[in-house]
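One structure is given below, encoded as structure tokens.
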Amino acid sequence: MLASMFRKVASFECRYQMGSPVFLVMAVLFFLLAFGNVVSSNVQIAAIGNVNVNSPDAIVQVHVVMSIIALFIATAFLANPAIRDFEHRSAELLFATQLTKPAYLLGRFSGGYLAALLAFSTVSIGMVMGTQMPALDPARINDFQLSHYVYTYAVFVLPNLFFSGALAFALATMSRSLMWTYVGIVVFVLLQSMTQSLLDQPEWRQVAAWLDPFGSAAYTETVRYWTAFERNTQLAPLNGLLLQNRLLWLAVSSLLLMVSYVSFQLQLNRGSGREQQLAMPKARPPEQVHLESRAHGEPQVWPQFFAQLRFEVKSAILSTPFLIVLILAVISTWFAFLNLDQFFGTPVYPLTRVMANIMQGTFTLSLLIVVIYYGAEMVWRDRQYSFQEIIDVTPAPNWVFVGAKTTALLLVVFLLLLAGVITAVIAQLSQNYYTLELKLYVTRYLLDYGRLFYFAAILSIFIQNMVRNKFLGMGFMVIYVVVMLFAMRSLGFEDPLYRFGTRADVAYSDMNGWGHFAAIAIWYAVYWGSACILMYIATYLLWQRGTLQLLELRARGAMQRFGLLAQISAVLALLTFIGSGIYIFYNTRILNTYITAEDITALRVRYEQRFIDKADVAQPRIAAISTQVDLYPDTLSYQVHGRYRLENRSEAAIDRVYIGFHPIAEVSTLALEDASLSSRDDEFNYFEFTLNQALEPGESLQLQFHSGRRQEGFRHARNNPSTLGVSALLDNGTFVFNNEAFPYIGFNKTLIIDDPYTRRSHGLPELNRYADLEDESAYGNSYLRQDSDWIEFDTTVSTRADQIAIAPGYLEREWETEGRRYFHYRMDAPMQNLFAYLSARYERVHTRWNEIDIEVFYHADHEYNVGKMLQAVQQSLAYYSEHFGPYQYRQMRIIEFPVVAGKFAVAFPNTVPWSEGIGFIADVESPTDVDYVFYVGAHEVAHQWWGHQVSSANVQGQTLLIETLAQYSALMVMEEAYGPHLMRRFLKYELDQYLSNRGKESEEELPLYRVENQPYIHYRKGSLAMYALKDYLGAERINQALRAFATQYAYQSDPYPTANDLLAELKAVAETEEETQLIEDLFERIVLWDLEAIDATAQLRGDGRYDVSITVRAEKLESNGIGHETTLDLYMPIDLGVFTANPDDQYFSDRQVISLQKEIVEGGQSTFHFTTDRQPRFAGIDPYNKLIDRNAEDNLVPVRLIQ
Amino acid sequence: MLTIDKISKTYSNGVKALNEVSLSIPVGMYGLLGPNGAGKSSLMRTLATLQQPDSGKISFGDINVLKQSDALRRQLGYLPQDFGVYPRVSADEMLNHIAMLKGFNKRSERKALVDDLLQQTNLYQHRKKALSSYSGGMRQRFGIAQALIGDPQLVIVDEPTAGLDPEERNRFHNLLADIGERKVVILSTHIVEDVADLCSRMAIMIQGRIALEGRPANLMAAMINKIWAKTVPKAALAEYRQQFQVISTHLFAGQMRIHVLSEDPPEGGFERVGVGLEDVYFSTVVRNKPVHTQQTQTL
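Just so you know, the protein sequences line up as chains A and B, in that order. Reading the first sequence from the start, the letters are residues 16 to 1218 in my numbering. Reading the second sequence from the start, the letters are residues 7 to 305 in my numbering.
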């Protein structure tokens, strides 16, 4: 009886839900998303990196992400059955039947759940069908395996939908209101994303994994260090964190369901009862009634407007949903402020620019909710409460309502934004930061960021007034947000001219302020602002007053209301809209070429196809460069007059020379001595010269050119120079690279597309980017560029009179003519063909060390770490000169550049441009934080040796000689300055970065000595390998090897040194076979250790000392390039440590080390015994994580005391 | 004087809600009777400027209602058939707000006005309480209070007594009767008694048309000697309906009592009864129904 009733209710519910439009819409949407994710690189649901599109990892990730999105859908399917009968007032009918509570409630739940599940299953169908598409790269597809889907449903989809459903069901049964259920869901989502982003630090990840109801964090944690091979072939084992998480949330879900069951009452308990409280008064006899006579003439409407405005604002901001959204936005912002991490867990100062950025992250969701929800609320409130007939018959004109509601929504948005500013200011003050820059809050946050939401607010009211149902209107708004703001751009529809409310990108920096970007922002604001005025007028004309009417009926009435003022405003707004649209169009389509991301790829493809055959043709090399560069910050342009001396260093005579510039440059003249231009390609600024007389080996030629670049107007996208990868032309902070208007010879490899999938999809051949380490034919080319070796350099640069212009070399002369300032720089030693020009209004600090000038040029407000930079340079110069060889220049300069040009520091000869976005604003006061200012400084100074003295051959392993050695050098200077404990913190970040990034490898992980410019290998693994080697061999021997290496290979070009030359030097200082083995393990193979402390005990002896035993398990693994691992024999000394405190503690110090020594450890489990004087608390193997450990978290255990 | 001239309205679903309705409504209480769906509310809403007819004209004094909605609204008090309230808003605040929208900009004047209305409707002592906590009767009195803001010359009340208990209804009638002395008051209802009690003129609306119009007394007088009643067994009802023009049936003490319209005394033991307004109403309804449907009015 019960079972059959349950079945009936469930199947009715399921069929009922499947018949609803929501079901269809959701099924189609989910299908398209999953399908698109497989077939198009533009649709990215989950960051699956470069594993196969239907690998187990991709299947799990897509399904998990979709199951989170499905939360809102599950709410529709499961909140509805819980409250439908109350809303439709059919409850009385239903409750009078014989239906029992379990059958009713559980039947409805199961039916709704089943419907949600059926709708969700289109995700899998979409994925499976996507993989059948012929256009797909077959190399990226696994064979279909049912078990992967079964696993994903069992472990993630079923429990996640169960949780979402139970949550929605519980909220709905308790609140009996769809609105409150959605409010509850939104609160849950905000809380959830808040906790997850707060717990992103490595030490909190386990907690985060537990707290994520969808198992996403637990899954990520389980496969964090998995390689592409593992991700492509294996399912995450259901144990440990993942199992705990799944069980925990299954339990929570069941509890939620139980709560709804208990709180649900199968009868009506609302209604009468209140009347009694208000006793009815006696009516006054009618003869006393007299009516006030009308006392007003023609009424004034402004007071009515303000009254209505006050009423609207009050109902919005005093409503609970608004307060909840406000509080959550403020709290999440506050926490984000307290966590201003940038690198290695070290915070930055709370600059207003930084604060405004953070708020854009935390407020967007809240603002969109407010705009969509309150837009609907304000337009429909009167109707919703059936009060509109009373309001609508008052003599107040339409504009009072339209105006008041629009203004009220704008005000609500503004108040929310203002709350952010107040929070930010309080956060700044609480950190004793008093440079508030209130004007910047106004321009960047309240105006520029807020504009989108002001526009969206007007759109929201406009849409709500057009439709006949507020949910329909909210649906349109959601579509607007998803399609216009997000989807269109990634599908290649980039132009902001047709994406309402959006604008071309602009870039703000402390150094440059808004600069010329202000005009861009203003033009788009005018454009969309006038569109909003038009929409506002349309809303006014078509205002729904009285009974809901079809649009055409309202349109008839609209013409009556279209008074003179409205007409004038409409015409003006229309003219402004068209005018500003034309102006923007002129800038983005006529002054600049309109190119999308796809066009840029196509351009690079064409370049490669057209010119790749020039890559291996013998060409002369650039031997000397002499230039005159004029920077014009006012007009965003620069001009170059240059002269190259080209030398034939090959063994063959050359009769043709190929010269190219960046496509963005403008080439005015180009003249090659004794040669004639035989062809030119204007799209790519590519020129072919035929020499009148072949250039014999050893002979030289002069090349003269006049070129430049000017930024005309603005583009529809990628105005930020770092996005387009071009030089930054700015009012204050120009940063011009030598790769635009300075010609290259032959072929420019940096334009090649290296992503294998993009290559395949554009029909480009497989790329073998790097010559084999053993390929001696490539030893004659530098890792930087093939057309140059070491060059002579001389330049004159001019700029505005109030700015300083800097280029590599020593300042020979400085003068002013015709209101411009000139600087002549010359380098007296050979240098790499790598230089840049910077110009800004700089402050300058200066110090000297051993006859060497050290300078920092910086933005006036950014003096925080300037002293530290000087000190880092000084200490680095001291250490490197002592250990690696002399510094080749008499001067070292650090120059700040705007964050607009990027967030990096880069080493040019005696010159280090350094972004204001890193380091300059870092707060490195805390002694327990990693001082990355010092680290970056030391790293860049080290490049003066590794890069600018020793170059490297253009073969595999090239960056080992440059980046890895710079990492090692910086580590040594840091260790000298800060001691080994901070090094451990630093190296833990490096280890985490290395292990996570190898899982995202697109092609093949290579051993260090064959690294192919892969940052996670040459920086991250490089640090770990060098530091481990230093630990085993000692710094002295390593430095001895590096000094020998530097001495032998400084300024050597043909052949350039390779990784093998470095390894030979390192192996030369190895004294034992184990040491040589270690060098091979670290550099020549991909070796990982898996070290684990299992147990540690201590027993007090009669003499007051302790017998300590530590049981450990150790394993050494070798991985191939795609992460397939094999076990190797392990026999090597490894640190065993006994401590009185946990070395992971922030304030851990040497005094807490009882013993730390290397013991020979073999593979498998083994036990070690020590005798200690003090009582041990913690013990473990490789406690400082010196070896590359697959799991660095299990190396320590607390020591058990045995009686 | 409110003059309605041939207004028609057809909704987008094809329903003809108003079909060439013409009426002249003088000062005083005017009753508009009709079954559900007869188009009463459509007419009320049209008069209240809440919707536009497809054709026809309405004028109130010098005001062309359809063209000069705002001018009419300044003279209009409207109590909709069914209205709700905002949460957390008190009667005082709400009346103040509506008074503001009606153009009473001066705070002191507005306060006096609102207080007076609250007094009249006996809500003064509850003025600070949230409207959502009001009982049905109090809410209805609030409705009339808001309709009376600004001394309107045209007052339209749509089904005002639905859901009120007899005492409340009585009180409400007193209030309306008082207003009706000097203004045009249109009372739309399907309760015949309301009209009988209050109105000096009335109209009966059926299927979008005015089926009958006049003074209640005259209308009743015209039917004297035409109404006959008989108590019959329930089972025989269908038979009677075939034989006679049954205009209404009541259950009375468990027996079925029917009223029949007939010029001559019908055969079979009918007795003549006095004419009530109800008989006028039901006979009009019956006459205007193309298909015979059962009318049951339980009082």
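Ideal Cβ positions, reconstructed from N, Cα and C, are used throughout, including at glycine.
* Asked: Since ILE599 (chain A) meets chain B, which of its residues come closer than 8 Å, beta carbon to beta carbon?
  -> Ordered by position in chain B, no residue passes the 8 Å Cβ test against ILE599 (chain A), which lies about 41 Å from the chain.
* **Alpha-carbon to alpha-carbon, ILE605 (chain A) and ARG576 (chain A)** => 41 Å
* Would a check of beta-carbon distances place SER330 (chain A) closer than 8 Å to chain B? -> yes
* **Local Cβ density within 10 Å of HIS1219 (chain A), reported as buried at 16 or more and exposed below that** => No answer is possible for residue 1219 (chain A): it lies beyond the span of chain A, which begins at 16 and ends at 1218.
* To do: Grab me the residues of PHE177 (chain A)'s own chain with a C-beta within less than 8 Å of its C-beta, minus the 5 sequence neighbours each way, in chain order.
  => TYR128, LEU265 and SER268
* To do: Go through its chain and collect everything with a Cβ distance to ILE74 (chain A)'s Cβ below 6 Å, but skip five positions before and after it.
  => HIS163 and THR167
* Asked: Helix, strand or coil: which one does DSSP assign to PHE676 (chain A)?
  -> coil
* Does DSSP put ILE13 (chain B) in a helix, in a strand, or in coil? -> strand
* Whole alpha helix (DSSP H) runs in the stretch 188-267 of chain A with 4 or more residues, listed along the chain? -> 193-213, 220-226, 231-238 and 243-248
* If you compare alpha carbons, which of A:ILE977, A:ASN52 and A:GLY728 is closest to ARG7 (chain A)? -> There is simply no residue 7 (chain A) to check, as chain A begins at 16 and stops at 1218 in what is shown.
* Asked: Using a beta-carbon distance below 8 Å, is THR237 (chain B) in contact with chain A?
  -> no
* Asked: Between the stretch 140-167 of chain A and chain B, which residues of the former have a C-beta closer than 7 Å to a C-beta of the latter?
  -> none
* Provide the residue span of the alpha helix (DSSP H) that contains THR167 (chain A), from first to last. => 161-167
* Under 9 Å between beta-carbons, which chain A residues line up against GLY90 (chain B)? List them in chain order, please. => GLN399, TYR400, SER401 and PHE402
* To do: Would you mind reading off the limits of the alpha helix (DSSP H) that contains TYR389 (chain A)?
  => 367-399
* From B:SER138, B:SER141, B:PHE66 and B:ARG51, pick the residue whose C-alpha is nearest to that of SER194 (chain B); which is it? -> B:ARG51
* Looking only at DSSP bridge pairs, what is ALA820 (chain A) linked to? -> A:SER854
* Residues sharing a beta bridge with PRO1213 (chain A), DSSP -> A:PHE1193
* Can you name the residues of chain B whose CB is closer than 7 Å to the CB of THR591 (chain A)? -> Chain B residues near THR591 (chain A): none, gap ~30 Å exceeds 7 Å.
* **Residue burial classification, TRP317 (chain A) (beta-carbon count within 10 angstroms, cutoff 16)** => exposed
* To do: Report, in whole angstroms, the separation of the C-beta atoms of GLN323 (chain A) and VAL408 (chain A), which I expect to be a contact under 8 Å.
  => That pair is no contact at about 15 Å.
* Asked: How long is the line joining the alpha carbons of VAL927 (chain A) and SER737 (chain A), rounded to whole angstroms?
  -> 18 Å
* Identify the continuous alpha helix (DSSP H) that holds ARG569 (chain A) and give its terminal residues. => 566-576
* TRP234 (chain B) - DSSP class collapsed to helix/strand/coil -> strand
* Measuring only between beta-carbons, confirm whether GLN58 (chain B) sits less than 8 Å from chain C. => The structure shown contains no chain C; the protein chains it does contain are A and B.
* Asked: Going by DSSP, what residues sit across from ARG660 (chain A) in a beta bridge?
  -> A:ALA639 and A:GLN717
* Mind listing which residues of the stretch 96-119 of chain B have their C-beta closer than 7 Å to chain A's C-betas, in chain order? -> HIS103, ILE104, MET106, LEU107, LYS108, GLY109, PHE110, ASN111, GLU115 and LEU119
* Inside the stretch 485-536 of chain A only - alpha helix (DSSP H) runs reaching at least 4 residues -> 485-494
* To do: Could you tell me the distance, in whole angstroms, from the CA atom of LYS134 (chain B) to the CA atom of SER96 (chain B)?
  => 5 Å
* Measure the alpha-carbon distance for ASP122 (chain B) versus ALA151 (chain B) and round it to whole angstroms. => 9 Å
* Distance, ALA1156 (chain A) Cα to ILE1169 (chain A) Cα -> 10 Å
* Is it buried or exposed for THR789 (chain A), if we count other Cβ within 10 angstroms and need 16 for buried? -> What sits at residue 789 (chain A) in the sequence shown is Glu, not Thr. Per the 10 Å Cβ criterion, exposed.
* **Partner residues on chain B for ILE406 (chain A), Cβ-Cβ distance less than 8 Å** => ILE104 and LEU107
* Asked: By a C-beta neighbour count over all protein chains shown, 10 Å radius and 16 as the cutoff for buried, is ASP746 (chain A) buried or exposed?
  -> buried
* Span of the alpha helix (DSSP H) holding ALA419 (chain A)? -> 413-445
* Hey, which unbroken runs of the beta strand (DSSP E) at 3 residues or more fall wholly within the stretch 1047-1131 of chain A? -> 1101-1115
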